[in-house]
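Participant: Below: one structure in C-alpha cells.
Number of protein chains: 4
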Amino acid sequence: MQVGFIGLGHMGSGIAANLIKAGHDVTVYNRTRSKAEALASQGAKIAETPGDACGGDAVFTMLADDNAVSDTVYGDGGILASLKKGAAHISSSTISVDLSRRLAQDHGKAGQRYVAAPVFGRPDAAAAKKLFVVAAGQSEAVNKISPLLDAIGQRTFKISDQAEAANVVKLSGNFLIATVIESLGEAMALVGKAGVDKHQYLEVVTSTLFGAPVYKTYGTLIAGGKFEPAGFAAPLGLKDIGLALEAGHDLRVPLPLASLLRDRFLTLLANGGENQDWSAVGSLAAKDAGEA
Amino acid sequence: MQVGFIGLGHMGSGIAANLIKAGHDVTVYNRTRSKAEALASQGAKIAETPGDACGGDAVFTMLADDNAVSDTVYGDGGILASLKKGAAHISSSTISVDLSRRLAQDHGKAGQRYVAAPVFGRPDAAAAKKLFVVAAGQSEAVNKISPLLDAIGQRTFKISDQAEAANVVKLSGNFLIATVIESLGEAMALVGKAGVDKHQYLEVVTSTLFGAPVYKTYGTLIAGGKFEPAGFAAPLGLKDIGLALEAGHDLRVPLPLASLLRDRFLTLLANGGENQDWSAVGSLAAKDAGEA
Amino acid sequence: MQVGFIGLGHMGSGIAANLIKAGHDVTVYNRTRSKAEALASQGAKIAETPGDACGGDAVFTMLADDNAVSDTVYGDGGILASLKKGAAHISSSTISVDLSRRLAQDHGKAGQRYVAAPVFGRPDAAAAKKLFVVAAGQSEAVNKISPLLDAIGQRTFKISDQAEAANVVKLSGNFLIATVIESLGEAMALVGKAGVDKHQYLEVVTSTLFGAPVYKTYGTLIAGGKFEPAGFAAPLGLKDIGLALEAGHDLRVPLPLASLLRDRFLTLLANGGENQDWSAVGSLAAKDAGEA
Amino acid sequence: MQVGFIGLGHMGSGIAANLIKAGHDVTVYNRTRSKAEALASQGAKIAETPGDACGGDAVFTMLADDNAVSDTVYGDGGILASLKKGAAHISSSTISVDLSRRLAQDHGKAGQRYVAAPVFGRPDAAAAKKLFVVAAGQSEAVNKISPLLDAIGQRTFKISDQAEAANVVKLSGNFLIATVIESLGEAMALVGKAGVDKHQYLEVVTSTLFGAPVYKTYGTLIAGGKFEPAGFAAPLGLKDIGLALEAGHDLRVPLPLASLLRDRFLTLLANGGENQDWSAVGSLAAKDAGEA
C-alpha cells in the first residue's frame with residue numbers, strides 16, 4: 603500500500619522501517635528533517651510538509667501529544683485538508699480520548715477514515731516488529747488497513763468500532779503500571795522500616811507472586827533509589843494519569859487509584875522531581891514514613 | 603530431626619507430609635483428629651495435645667489466625683509450657699506483627715527459640731514442596747532449623763534477625779495482590795464503559811505488560827463477575843489488609859493504598875459480600891460507575 | 603462612575619441594582635433581553651451587545667463559566683475589542699485560574715486593566731448588598747474601582763497583586779463546603795448504622811462544635827435524604843472541584859480531599875444524580891455502608 | 603444522690619466539683635491522691651481504691667483510654683466487683699465502641715447498670731457546667747441518673763438505648779474536627795502557593811462561610827505554623843481517628859476521610875510530630891506542595 607508516516611521519534615522510526623521492510627511504499631515526514639533522511643536510506647520518500655505525506659491510502663501519526671497531533675491534522679496543509687476521500691488516518695500516538703473522538707468525527711465528515719491504533723511496547727520492540735497494536739474504528743476501515751498493522755507488530759487486537767476505545771485501553775496500560783509503582787513503593791516502605799533489605803525483598807516478590815518484568819524493572823529502580831536519568835519522565839506520567847482521569851470524567855467512572863497517583867505525581871513534581879523517572883513516585887511512601 | 607507439627611489444614615497437611623518424606627521424625631496434632639490420622643498412615647505419630655507435639659527439636663504451627671496461635675502457645679499445656687530449652691517454635695501462620703514480636707520475646711525468656719517462617723504458595727504448592735519460605739529470627743536459630751525449611755519448599759529467604767520482619771513480608775504479599783485486584787477493577791470499569799469487552803481487554807493486558815498469573819487469575823474472575831464460591835473469602839482479605847495497616851501503624855508507615863483497600867472491603871462486606879471471593883473488591887469500581 | 607454590567611442572572615441582577623442605587627451610571631447587557639429591561643426600570647441603560655456595555659470606566663462580568671466569559675471577552679465586538687485604554691474589566695464569575703491569568707495578560711497587552719473580583723454570598727445577599735468581595739489585581743487598578751466594589755458588598759478583601767489569586771480563593775470556598783458535606787455524610791453513615799437518629803445527631807453537632815450555618819444547612823439535607831430540587835446542582839459541584847484540582851495541578855499542590863470529592867461526584871453522577879443537589883454527595887457514604 | 607467519681611484530670615476535676623455544688627454526696631478517687639485532696643476541700647470524700655468509690659447509686663469514670671477504664675472496671679476490687687446491684691456506672695471517657703459494648707454486657711450480667719455519657723467541651727467548659735452530654739443506655743438507667751448529668755452540663759442529649767452509640771457520636775466529633783484541620787490545610791496550601799497570605803485568607807473564610815470557632819482556632823494554628831506546645835497532642839488525634847475507624851470496621855461503614863486522616867497522622871508522627879498539636883496535620887498538604 604501507499605502510506606505516509608508522520609513522526610519519526612524513537613518509536614516512529616522503528617515502525618516506519620518495518621512498513622518499508624514489508625514492501626509498502628512509504629513517504630515520511632518529520633519536523634526535524636535529519637530523522638527522515640535516515641529512513642530515506644532504507645527506501646522511504648521524504649515529504650516536505652505533513653500534507654505531502656497524505657497522498658496515499660493511509661497516513662500514520664506517531665507524535666508526542668494532543669497538541670502535536672491537533673496541529674498536524676487541523677493546521678494549514680494538514681492531514682484533514684490533504685488526505686484523499688476513503689483514505690485513512692491511523693493514529694498511534696498516546697492522545698486524549700476526547701481528541702480521538704473528535705478526529706473520528708472530523709475525518710468522517712470529510713469522507714476520510716480514522717483508525718486509532720496505539721501500541722504497547724518500547725522502541726526496541728518497535729524496531730523488532732514486536733509491538734502489540736490495539737486498534738479501533740469502523741470495522742471496514744480497520745480491516746482495510748490491517749496489513750499495515752500486521753507489518754508493525756506481533757499481534758493486533760481489534761477491540762471496538764468506536765475509535766476512542768483504543769485510546770482508553772492504551773491509557774489504562776500506563777495507569778496499571780503506575781499502580782504497580784505505588785504499590786511496590788508502599789510495600790517497600792513497610793518492609794524497609796521493619797528492617798528488611800529492599801533488594802532482597804524484591805527478589806522474594808518477583809520469585810513468588812510477581813514474575814512480570816514490570817515488577818522487576820520498577821522494583822529495582824525503587825529499591826535502588828536512583829531515578830535519574832529518566833526512562834519515562836515524571837511529567838509524562840502525570841500527563842498520562844491525567845488523561846486517564848479525564849477519560850474517567852467524561853465516561854463518569856471514578857478511579858480512586860488514579861486520583862491517588864495524580865496527587866503523588868504532583869507531590870513529586872513539587873519537590874524536585876521534574877527530571878526524575880516516573881518510578882520516583884515509588885519513593886514517596888518511604889519519605890512519608892520518615893525514611894531519610 | 604524430631605519435630606512436631608500443629609495445624610493440619612490444607613496447607614499444614616502438605617507441609618507435614620514433606621517433613622516426613624524428608625526423613626524427619628514427625629509428631630502431628632490437629633484439633634480435629636481425623637486429619638492427623640491421614641498423616642499417621644504416612645508415618646507420623648499422633649499427639650493428643652499441642653504440648654505432646656513439643657518434645658523434639660522444633661515444632662511448627664500452621665493455624666488460622668492470631669487467636670488460634672495465641673491459644674496454642676499460651677494455653678494450659680501449650681507450646682510455651684512444653685517446649686524444651688533450646689528447641690524452636692517455627693511459626694508459619696499468617697499472624698500479626700505484634701503477636702510475632704511477643705512470641706519472640708516470650709520464647710526467648712523461656713530459653714526457647716522462635717523462627718517466623720510464613721510461606722508463599724497455595725495448598726498444591728505445599729503438597730508439591732514448591733513453597734517459598736520467608737524466614738526470620740536469630741540467625742543461629744534459623745540456621746539450626748534450616749533443614750526443616752529446605753524440606754518443605756523450593757527456596758528459603760532468610761530476611762532478618764528480627765522474627766516479625768518475616769510476617770511483615772508475608773502481609774505485604776496479600777497487600778500487593780489486593781492492589782492488583784483493585785487496579786484491574788478500575789481499569790475494567792473504565793474500558794468497559796468505553797465499550798470494550800472485559801475479557802478481550804484482559805487478553806490485551808496479560809499478553810503485553812502483565813503476564814504474571816495473578817493478573818490472569820484475578821482478571822478473569824473480575825471480567826466474569828462470578829465471585830462464589832470463594833477461593834479466598836472477602837473477610838479474610840479484610841483481615842490481612844487490616845494486619846498490614848496495623849503493622850504500618852506500629853512502624854509509622856502510612857499506606858494509602860491499603861487504606862483505600864480497607865474501605866473497599868468494608869463496602870463489599872456491607873453490601874452482601876461476606877461469602878464472596880476477595881476479588882469481588884474488583885467489581886466495586888464498575889458499580890460506582892453505574893454499571894448495572 | 604460610568605460602568606457596564608454583563609450577565610444578569612440571580613447574582614448579577616442584584617449586584618447591578620446596587621451599583622445603580624449607589625449612584626453609578628450603569629449600562630447593562632444580558633443575552634436574554636427581558637432581564638435587562640427589569641433593570642432599565644431601576645435606571646439602567648440597555649446595551650444591545652456586550653461591546654456596547656464597554657464605553658465607560660469599567661465593565662463587570664458575572665457569567666456562568668469559562669466559555670461564557672471567554673466568548674464575551676474574545677468574541678467579535680467583545681470586551682477586549684471595545685474597552686477603552688485604562689478602563690477595567692472586573693470579573694466576578696467563578697472561572698478557572700488559567701482563564702483569569704490569560705485575561706490579565708490580554709487586557710494588559712491592550713492597555714486595559716483587569717481585576718478579578720469573585721464574591722461570596724447567595725442571590726439574597728447580592729440583592730441586600732451583603733456580599734463579601736475578594737479582589738485581586740494590580741493595586742492601582744483595584745484601588746481605582748474600589749468604589750464599585752464597596753457598592754456591591756459589605757466588605758472587600760484585597761488579597762493579591764496577581765488577579766488569579768482571587769479565583770483560587772473563590773474556588774477554595776466551594777472546596778471547603780464540599781468537604782463539610784462529605785465529612786457529615788461519613789459521620790452520619792457511622793452514627794446512623796449505630797442506631798442514632800441523624801436529625802438528632804445533627805442537633806448535637808450543631809449545638810456543640812459546629813454552629814456555622816453551612817453545617818446546619820447541608821446536614822439537614824443529608825439527614826433528610828431529599829436532594830431535589832437542587833439548590834446547587836451536582837454537576838456544578840463537580841465543575842468547581844475540577845477547577846480547584848486544575849489550579850492545584852498548575853501550582854503543583856496535591857489536594858487529596860479534592861481528589862476524593864471528585865470521585866464522589868462522579869459516582870453520584872454515574873448513578874442518577876445529574877439533577878440532585880450537590881449535597882447528595884453526602885449520601886454516598888451511607889450507601890457504601892449498605893444503607894437501603 | 604450518693605455518687606463516686608474516678609479520674610480527676612482536667613476534665614474530671616471540674617465535673618466532680620459541679621456534682622458537689624449540685625448537692626450530691628460525692629466520693630472521689632484518683633491514682634495521684636493530691637488531685638483528690640483538692641476536691642476534698644470542696645466537700646468530697648476521698649476513696650483509697652476505685653472500689654471504695656462504688657458504694658453509692660452511681661460511679662463516674664473519666665479516664666484516659668480503654669486500658670485505664672478496663673483496669674478500673676475489671677481489676678481486683680474494681681468497679682464490677684464493687685458496685686451494688688441496680689447502681690450505675692456512668693462512663694464519660696472517650697473509649698472504644700467495643701469496650702463500651704462489653705461494659706454494658708458485663709454490668710448487665712452483674713445486675714448493675716451502665717450508661718455511656720461522653721461529653722463535648724474543654725476543661726473550662728467542664729468547670730463552668732457548660733458541657734454538652736451525650737448519653738445512651740437503657741432508658742430506665744439513663745433517666746435515673748439524669749439529675750447527675752443535669753448537674754454537669756448545659757444540656758443532655760439522650761440518643762439511644764444502646765450505650766455504645768454515645769461513644770460513636772463522641773468519636774465522630776473528633777473526626778469532624780480533624781476533617782476541618784485537613785481541609786484548611788489543603789486550602790491554605792493552595793492559596794498560599796498562589797501568593798495569598800494565609801492569615802488574610804483565614805479572615806476571608808471565617809468572615810464568610812465558616813464562622814464556627816473551630817475554623818478560627820485551628821486555622822490560626824495552621825496559618826501560624828506553630829504546633830508546640832500541643833493543646834491536643836498528635837498521638838491522641840491518631841488514637842481517636844483509629845477508634846472511629848475501628849467503629850466503622852465493626853459496623854461495616856467505610857470512612858474514606860478517616861482513612862486519609864489516619865495516613866496523615868502517621869506521616870506526621872513519622873516525621874517528628876510526636877509532641878506537636880494535632881493541627882500540625884494541617885501543615886502536611888503545604889509540605890507535599892513543596893513549601894519550605
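Residue numbers (the numbering used here), protein chains in the order written: chain A, 603 to 894; chain C, 603 to 894; chain H, 603 to 894; chain F, 603 to 894.
For every residue, glycine included, the Cβ atom is placed at its ideal position computed from N, Cα and C.
(1) Which ranges would you report for the alpha helix (DSSP H) in the segment 662-718 of chain C if only whole runs of at least 4 residues count?
(2) Assuming Ala730 of chain A is part of the beta strand (DSSP E), what are its boundary residues?
(3) Looking at chain A, is there any beta carbon in it that lies within less than 8 Å of the beta carbon of Gly892 of chain F?
(4) Sort A:Ser881, A:His691 and A:Glu788 by Cα distance to Gly710 of chain A and report the nearest one.
(5) Leaving out the 5 sequence neighbours to the left and right, which residues in its chain are closer than 6 Å to Ala870 of chain F when beta-carbon positions are compared?
(6) From this set, C:Lys828, C:Thr810, C:Gln740 and C:Ala728, which residue's C-alpha is nearest Leu610 of chain C's C-alpha?
(7) Which of the three DSSP states is assigned to Asp879 of chain F in this structure?
(8) Applying the criterion that 16 or more other CB atoms from any shown protein chain within 10 Å of the CB defines a buried residue, is Ala642 of chain A buried or exposed?
(9) I want to see whether chain F comes within less than 8 Å of Phe734 of chain H, judged by CB atoms only; does it?
(10) Are Ala624 of chain A and Asn632 of chain A close, meaning C-beta to C-beta below 8 Å?
(11) Would you mind working out which of F:Gly839, F:Leu665, F:Ile747 and F:Leu773 sits nearest Gln604 of chain F, comparing C-alpha positions?
(12) Closer than 7 Å, Cβ to Cβ, to anything on chain C: give me those residues from the segment 867-894 of chain H, in chain order.
(13) Leaving out five residues on either side along the sequence, give the residues of the same chain with a beta carbon under 6 Å from the beta carbon of Leu859 of chain F.
(14) If contact means a Cβ-Cβ distance below 8 Å, which residues of the segment 845-859 of chain A contact chain C?
(15) From Ile843 of chain H to Gly827 of chain H, what distance separates their C-alpha atoms?
(16) Against Asp654 of chain H, what residues of chain A qualify as contacts under a CB-to-CB distance less than 8 Å, listed in chain order?
(17) Among residues of its own chain, excluding the 5 on either side of Ser895 of chain H, which ones have a beta-carbon nearer than 8 Å to its beta-carbon?
(18) If we call anything under 8 Å between Cβ atoms a contact, is Gly850 of chain F one with Leu792 of chain H?
(19) On the premise that Ala796 of chain A lies in contact with Val735 of chain C, defined as a C-beta separation below 8 Å, what is that separation, rounded to the nearest angstrom?
(20) Which of the residues in the segment 663-686 of chain H, read from start to end, lie with their CB under 7 Å from any CB of chain A?
(21) Whose Cβ in chain C lies nearer than 9 Å to the Cβ of Gly710 of chain A?
(22) I need the DSSP call for Gly611 of chain H, collapsed to helix, strand or coil.
(23) Who are the Cβ neighbours of Asp668 of chain H in its own chain at under 6 Å, not counting the five residues just before and after it?
(24) Ignore the nearest five residues each way along the sequence and tell me which others in Gly765 of chain A's own chain have a CB closer than 7 Å to its CB.
(25) Just to confirm, are Ser809 of chain H and Arg757 of chain F a CB contact at a threshold of 8 Å?
(26) What do you get for Lys687 of chain C, buried or exposed, if any count of 16 or more other CB atoms within 10 angstroms of its CB means buried?
(27) Could you pull the start and end residues of the beta strand (DSSP E) that Arg864 of chain F belongs to?
(28) Along the alpha helix (DSSP H) that carries Arg633 of chain F, what are the first and last residues, could you check?
(29) Is it buried or exposed, Glu876 of chain F, if we count other Cβ atoms within 10 angstroms and call 16 or more buried?
(30) Of all Cβ atoms in chain A, is any one closer than 8 Å to the Cβ of Leu840 of chain C?
(31) Any Cβ of chain C within less than 8 Å of the Cβ of Arg864 of chain F?
(32) Please list, in chain order, all residues of the same chain as Lys818 of chain F whose beta carbon is under 8 Å from its beta carbon, the five residues on each side excluded.
(33) List the whole-angstrom C-beta distance separating Asp879 of chain A from Phe829 of chain A, where the pair is believed to meet the contact cut-off of C-beta under 8 Å.
(34) Consult DSSP for Asp627 of chain H and reduce its assignment to one of helix, strand or coil.
(35) Suppose the cutoff is 6 Å on Cβ atoms and the five residues either side in sequence are ignored; what does the same chain contact list for Val675 of chain A look like?
(36) Between which two residues does the alpha helix (DSSP H) containing Lys800 of chain H stretch?
Facilitator: Based on what the coordinates show:
(1) Within the segment 662-718 of chain C, the runs of alpha helix (DSSP H) at least 4 residues long that lie entirely inside it are, in chain order, 668-676, 681-684 and 699-711.
(2) Per DSSP, Ala730 of chain A belongs to no beta strand (DSSP E) and is neither H nor E.
(3) With a threshold of 8 Å between beta carbons, Gly892 of chain F makes contact with chain A.
(4) A:His691
(5) Looking at the sequence provided, one finds Leu at residue 870 of chain F rather than Ala. Closer than 6 Å at Cβ, skipping near neighbours: Ala836, Ala882 and Val883.
(6) Of all alpha-carbon atoms in C:Lys828, C:Thr810, C:Gln740 and C:Ala728, the one lying nearest the alpha-carbon of Leu610 of chain C is that of C:Ala728.
(7) strand
(8) exposed
(9) yes
(10) no
(11) F:Ile747
(12) Thr869, Ala872, Asn873, Asp890, Ala891 and Gly892
(13) Thr781
(14) Within the segment 845-859 of chain A, the residues whose Cβ lies closer than 8 Å to some Cβ of chain C are Ala846, Ala849, Gly850, Leu853, Arg854, Val855, Pro856, Leu857, Pro858 and Leu859, listed in chain order.
(15) 22 Å
(16) Chain A residues near Asp654 of chain H: none, gap ~34 Å exceeds 8 Å.
(17) For chain H, the structure presents residues 603 to 894; residue 895 of chain H sits outside this window and is missing.
(18) With respect to the 8 Å criterion, Gly850 of chain F and Leu792 of chain H are classified as neighbours on the basis of their beta carbons.
(19) So it is not a contact: roughly 17 Å between Cβ atoms.
(20) none
(21) Within 9 Å Cβ-Cβ: nothing; Gly710 of chain A doesn't reach chain C, min ~17 Å.
(22) coil
(23) Ile697, Ser698 and Leu701
(24) Just to set this straight, residue 765 of chain A is Ala in the shown sequence, not Gly. Cβ within range, chain order: Ser702, Ala706, Tyr716, Val717, Ala718, Ala738 and Gly739.
(25) yes
(26) When all chains shown are included, Lys687 of chain C counts as exposed.
(27) Element bounds for Arg864 of chain F: not the beta strand (DSSP E) but the alpha helix (DSSP H), Pro858 to Ala872.
(28) Taken as a continuous stretch (DSSP letters only), Arg633 of chain F belongs to no alpha helix (DSSP H), as it is neither H nor E.
(29) Around the CB of Glu876 of chain F, fewer than 16 other CB atoms lie within 10 Å, so the residue is classed as exposed.
(30) no
(31) yes
(32) Leu804 and Thr808
(33) Sure, about 5 Å apart at Cβ, within 8 Å.
(34) strand
(35) Ile681 and Leu682
(36) Lys800 to Ser809
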